[in-house]
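Heads up: the sequence shown at position 430 corresponds to 430 in the UniProt record's numbering, and the numbers run straight through without jumps. All C-beta atoms in this analysis are idealised placements derived from N, C-alpha and C, irrespective of residue type, glycine included. Here is the structure we will look at, set down as structure tokens.
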Amino acid sequence: MVTSKAEICQIGRPHIMDLNDDCLGMIVRRLNVMQQYQISKLHTRFKQIVKSQWRCKLNHVVVYPELLENIDEVTFVGFMQEVGLHMQSLLMRHCDIRYLRLLSDQIFNRVETFGWMGEGGSGGGGEAGDSGGEELSEFQGDREKQFLDEDLNLLTRVFPKLQVLKLRGCQITGKYLAQFSSLKHLSLDDCQCLESDNFQEVFQELKLRKFDIMEDCDEINCCDLIELKKCPTLEHIKIADYHLCFDTDIINDILRMPNLKKLSIYSKNFVFDVLERISRTNLKQIVAFKFNGVLHNFERFFRELNHMRHLKKLSFYECRGYDIEGIRDHMLVQISKQFADLEEIHLCSCDLESDRGVLSFVQNCHKLKLINLTSCRKGISESVIWRCMELMKKQKWRTHHLEMWLKDTYIDKAILEDPRYMYNNRFLKLDFKQSLQDSNPPGVLKFTFST
Numbered sequence: 001m002v003t004s005k006a007e008i009c010q011i012g013r014p015h016i017m018d019l020n021d022d023c024l025g026m027i028v029r030r031l032n033v034m035q036q037y038q039i040s041k042l043h044t045r046f047k048q049i050v051k052s053q054w055r056c057k058l059n060h061v062v063v064y065p066e067l068l069e070n071i072d073e074v075t076f077v078g079f080m081q082e083v084g085l086h087m088q089s090l091l092m093r094h095c096d097i098r099y100l101r102l103l104s105d106q107i108f109n110r111v112e113t114f115g116w117m118g119e120g121g122s123g124g125g126g127e128a129g130d131s132g133g134e135e136l137s138e139f140q141g142d143r144e145k146q147f148l149d150e151d152l153n154l155l156t157r158v159f160p161k162l163q164v165l166k167l168r169g170c171q172i173t174g175k176y177l178a179q180f181s182s183l184k185h186l187s188l189d190d191c192q193c194l195e196s197d198n199f200q201e202v203f204q205e206l207k208l209r210k211f212d213i214m215e216d217c218d219e220i221n222c223c224d225l226i227e228l229k230k231c232p233t234l235e236h237i238k239i240a241d242y243h244l245c246f247d248t249d250i251i252n253d254i255l256r257m258p259n260l261k262k263l264s265i266y267s268k269n270f271v272f273d274v275l276e277r278i279s280r281t282n283l284k285q286i287v288a289f290k291f292n293g294v295l296h297n298f299e300r301f302f303r304e305l306n307h308m309r310h311l312k313k314l315s316f317y318e319c320r321g322y323d324i325e326g327i328r329d330h331m332l333v334q335i336s337k338q339f340a341d342l343e344e345i346h347l348c349s350c351d352l353e354s355d356r357g358v359l360s361f362v363q364n365c366h367k368l369k370l371i372n373l374t375s376c377r378k379g380i381s382e383s384v385i386w387r388c389m390e391l392m393k394k395q396k397w398r399t400h401h402l403e404m405w406l407k408d409t410y411i412d413k414a415i416l417e418d419p420r421y422m423y424n425n426r427f428l429k430l431d432f433k434q435s436l437q438d439s440n441p442p443g444v445l446k447f448t449f450s451t
């Protein structure tokens, strides 16, 4: 049947609203959150679809310069009022501070997490940060365009139920921090104007569980955190080593905190001083230790590790020394003899002398369950598998499996089909898929405590 020209004209041109809700929903999902807000104003069907999607998925909102292009003040406030009905977390990244100040008359009771990443921050701005650089360059250096104490006070009104506050690149003294009565997690990165006096009230008034001031400033311009001990609810502390040099007792005070589970110390100049003061306490509560970075004296570093004899987990990520090419066998052999309770050894992206150091853990640590050699390219070859199997055959006491992670090594995973591995192996399990990532910057000492 041939359709006439008159009938075609009568049918009319196709329209987007002729699509069913499933198709419209697919279109909406391809838009960013601001575009979704704008399209919801065009038709009631779009409004219902956006509202339905936000109700299910809009927990976390990120605001950045690209998102705000060609957006006026009224549209921004209206957008925030709409997303505020659903979001629980808000991150403002490299934004003009005036956008935050536009919210001074609003209250967002659902928001529990707020993050501000200022232009001064050194952390991942990505493309959004680059695109906003030209827009915000005129405000650079102008104090009125920086995140100040008054803006922190504004947050106490706008987000009255905050539990997590993360600030980067802010010009605050910390004056109003103690007013966030519900706060559990406080992170202050690259905030150069913090004053010591304000932290006494913070640690006395707030029941913090996590406190992160690991990248706040530098050795000369840092604040005194001696009052940290007055916050017994703390479970995870991330701090720079120079904070621990104000008072000889601050490390002991931290180690005695009743709920402490993790202590991460960013260390450049005082790595051995801090490690010595912690390791030589020989606390039974320290069950795991992790380090990533470069050292000028690996020998001394491993000597200090020998004092932590109750470790169950030991981790090294991209560890190299200035004075040697890699981790020497005798260093690993020595600590393997000290750690009778060790269950996991992680040597990720490390340069090793040979497989002898690795095998010493198989021989000496009877509770060992995991050897992680992810991305180890130097000192490790297929022979470590056969030597490990031979060693385990002689261990009459062995009743549990030992896993060995080999992702991104020179060992070919075809070894899994080698008859020598398939039929002569009882307890060794090879894995070429699993790996662990370290999110800390280089130079962090991380201690984990039993509770």
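Asked: Among 386, 108 and 436, the one whose alpha carbon lies nearest that of residue 452; Found: For residue 452 there is no data in the structure shown, the boundaries of the chain being 1 and 451.
Asked: Extent of the continuous beta strand (DSSP E) run through residue 344; Found: 344-348
Asked: Contact the stretch 414-429 vs the stretch 300-317: 3+ CB pairs below 8 Å; Found: no
Asked: Integer-rounded CB distance, given that residue 448 should sit under 8 Å from residue 145; Found: Their Cβ separation, rounded to whole angstroms, is 41 Å, which puts residue 145 and residue 448 out of contact at 8 Å.
Asked: C-beta atoms of residue 280 and residue 251 nearer than 7 Å; Found: no
Asked: Under the three-state DSSP convention, the category residue 317 falls into; Found: strand
Asked: Buried or exposed (CB count within 10 angstroms, at least 16 for buried), residue 267; Found: buried
Asked: Per DSSP, cross-strand counterpart(s) of residue 372; Found: 346 and 405
Asked: Rounded straight-line distance, which links the Cα of residue 384 to that of residue 411; Found: 10 Å
Asked: Close-in-space but distant-in-sequence residues of the same chain around residue 331 (CB under 6 Å, 5 per side omitted); Found: 302
Asked: Backbone CA spacing between residue 344 and residue 81 [nearest angstrom]; Found: 49 Å
Asked: Residue 226, enclosing beta strand (DSSP E) - first and last residue; Found: Segment: none, residue 226 is in no beta strand (DSSP E) and carries neither H nor E.
Asked: Contact check, residue 171 vs residue 206, beta carbons under 7 Å; Found: no
Asked: Identity of the residue in 369, 382, 366 and 341 nearest residue 355 by Cα; Found: 382
Asked: Neighbourhood of residue 377 by C-beta, 7 Å cutoff - its chain only, sequence neighbours within 5 removed; Found: 409 and 410
Asked: Beta-carbon proximity check, residue 270 vs residue 241, cutoff 7 Å; Found: yes
Asked: Cβ neighbour criterion (16 or more within 10 Å) applied to residue 366; Found: exposed
Asked: Helix, strand or coil at residue 139 according to DSSP, with G and I counted as helix; Found: No answer about residue 139 holds up, because its pLDDT of 41 lies below 50 and its placement is not dependable.
Asked: Alpha carbon of residue 136 to alpha carbon of residue 154, nearest angstrom; Found: No answer about residue 136 holds up, because its pLDDT of 42 lies below 50 and its placement is not dependable.
Asked: Element boundaries [alpha helix (DSSP H), containing residue 253]; Found: 250-255
Asked: Segment contact flag, the stretch 42-51 with the stretch 71-81, C-beta cutoff 8 Å, min 3 pairs; Found: no
Asked: C-beta atoms of residue 190 and residue 168 nearer than 7 Å; Found: yes
Asked: Top-ranked residue by Cα proximity to residue 442, from 245, 214 and 433; Found: 214
Asked: Exposure of residue 416, with buried meaning 16 or more beta-carbon neighbours within 10 Å; Found: exposed
Asked: C-alpha distance - residue 297 paired with residue 326, whole-angstrom precision; Found: 11 Å
Asked: Nonlocal neighbours in the same chain, by C-beta distance under 6 Å from residue 346, ignoring five residues either side; Found: 315 and 372
Asked: Residue 374 beta carbon less than 7 Å from that of residue 350; Found: no
Asked: Within the stretch 134-192, ranges of the beta strand (DSSP E) (whole runs, at least 3 residues); Found: 164-168 and 185-189
Asked: DSSP three-state assignment for residue 410, whether helix, strand or coil; Found: coil
Asked: Residue 22 burial status per 10 Å Cβ neighbour count (16 or more: buried); Found: exposed
Asked: Alpha-carbon spacing of residue 396 relative to residue 364, whole angstroms; Found: 14 Å
Asked: Proximity to residue 53 [Cα-Cα], best of 62, 30 and 68; Found: 30
Asked: In chain order, each beta strand (DSSP E) run of at least 3 residues that lies wholly inside the stretch 77-118; Found: 89-93 and 113-117
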